[in-house]
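Read through the structure below, which is laid out as structure tokens, and then see the notes.
Residue numbers (my numbering): 21 to 302.
In structure tokens:
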């Protein structure tokens, strides 16, 4: 008898799979990549040159505080919906309506549309906090290089664990029912060594670093960093419920030893001490 938590629909046809692939790439993958570029460009892209009349809701006559509060609401709306649709319980419910191959694609579409809504309604403050005294071309080169290195380093971790095509839900589209999981699950082995011995979520650590380290910083980009940290303050506990369910006391013990995002001061002090010793020995 078929598990009731699985999709009750038949295996999708080839045309349906191709359509799902196109929709995923258009409404899921593309907005996700565009969002990263948007961050690196200090939350400002040439929308008008691309034919978009953004922001859809214009609050340019309002104060900076009103704009920040509006952007806070946008980001939290995206973050909460992102977390809700990532829950296994939601995915089990979706399996009753969608082929299991399309569950991750559905999640990517929801994420992509959420990011489009966020960027299209974002209210720019137009405030620059600092900029290195360099020509614009050099600033752009440094910005792109630093962002790419830090962001790529952070995302190598999940991509190595899951695979690029699986993370974006593209691999699942063309798999058989029995080979597909409704959502991208983590490894069933608890890893506590290496970078995971320093922080529990190195991907978030390096992503925040990519957002925060820049040769030019605007108030909008700094606000995104603050909002990301605010979201992670409740997003990580929600995410770790599954880890506790899977690994039990072992994960609770691990959580006591390793911080979530920021390395402990003792680790930074030890790293600095080791670096000084190494420099003296040269």
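Where is the CB? At the ideal position from N, CA and C, for every residue including glycine.
* Asked: When the Cα atoms are used, what is the spatial distance from residue 112 to residue 106?
  -> Walking along the chain shown from the start, residue 112 turns up at place 92. Walking along the chain shown from the start, residue 106 turns up at place 86. Rounded to the nearest angstrom, the two C-alpha atoms are 11 Å apart.
* Hey, out of 140, 49, 61, whose CA is closest to residue 71's CA? -> In the chain shown, counting from the first residue as 1, residue 71 sits at position 51. Nearest C-alpha to residue 71: 140.
* To do: Tell me where the alpha helix (DSSP H) around residue 150 begins and ends.
  => Start at 1 with the first residue of the chain shown, and residue 150 comes out as number 130. Here residue 150 belongs to no alpha helix (DSSP H); instead the beta strand (DSSP E) covers 148–151.
* Hey, which unbroken runs of the beta strand (DSSP E) at 3 residues or more fall wholly within the stretch 113–154? -> 148–151
* To do: Along the beta strand (DSSP E) that carries residue 238, what are the first and last residues, could you check?
  => Here residue 238 refers to the residue found at position 218 of the chain shown. Note, residue 238: beta strand (DSSP E), 236–238.
* Mark residue 150 as exposed unless 16 or more other C-beta atoms lie within 10 angstroms of its C-beta, in which case mark it buried. => Within the chain shown, residue 150 is the residue found at index 130, counting from 1. It is exposed - the Cβ of residue 150 has fewer than 16 other Cβ atoms within 10 Å.
* For residue 197 and residue 212, the rounded distance between their alpha carbons -> Translated into the one-based positions of the chain shown, residue 212 becomes position 192. Translated into the one-based positions of the chain shown, residue 197 becomes position 177. Roughly 33 Å between the two C-alpha positions.
* **Pair within 8 Å by beta-carbon distance, residue 239 and residue 132** => Along the chain shown, one-based indexing puts residue 239 at 219. Along the chain shown, one-based indexing puts residue 132 at 112. In this structure, residue 132 does not lie closer than 8 Å to residue 239 by Cβ.
* Is the beta carbon of residue 39 sitting closer than 8 Å to the one on residue 190? -> Stepping through the chain shown from its first residue, residue 39 is reached at position 19. Stepping through the chain shown from its first residue, residue 190 is reached at position 170. Not in contact: residue 39 and residue 190 (Cβ atoms no closer than 8 Å).
* Asked: In or out: residue 221 buried (at least 16 other Cβ within 10 Å) or exposed?
  -> Residue 221 sits at position 201 when you count from the first residue of the chain shown. With 16 or more Cβ atoms within 10 Å of its Cβ, residue 221 is classed as buried.
* Every unbroken beta strand (DSSP E) within the stretch 185–266, with a cutoff of 3 residues, ordered by chain -> 236–238
* Please classify residue 92: does DSSP put it in a helix, a strand, or coil? => Along the chain shown, read from residue 1 onward, the residue named residue 92 stands at position 72. Helix.
* Closer than 6 Å by C-beta to residue 62: which residues in its own chain qualify, once you throw out the five before and the five after it? Chain order, please. => The count along the chain shown starts at 1 and reaches residue 62 at position 42. Excluding positions up to five away in sequence, the list reads 238, 241.
* Counting only the same chain and skipping the five closest in sequence on each side, list residues whose C-beta sits under 8 Å from that of residue 236. => Looking up residue 236 in the chain shown gives position 216. So the list reads 62, 148, 150, 151, 152, 159, 163, once near-sequence residues are dropped.
* Asked: For the putative contact between residue 143 and residue 87, defined by C-beta atoms under 8 Å, what is the C-beta separation to the nearest angstrom?
  -> Sequence index remark: in the chain shown, residue 143 carries index 123 (1-based). Sequence index remark: in the chain shown, residue 87 carries index 67 (1-based). The Cβ separation is near 4 Å, so the contact holds.
* Work out the CA separation of residue 259 and residue 249 for me, nearest whole Å. => Mapped onto the chain shown, residue 249 falls at position 229. Mapped onto the chain shown, residue 259 falls at position 239. Approximately 15 Å, taken between the alpha carbons.
* **Local Cβ density within 10 Å of residue 174, reported as buried at 16 or more and exposed below that** => Counting from 1 along the chain shown, the entry for residue 174 is found at position 154. Buried: at least 16 other Cβ atoms inside 10 Å.
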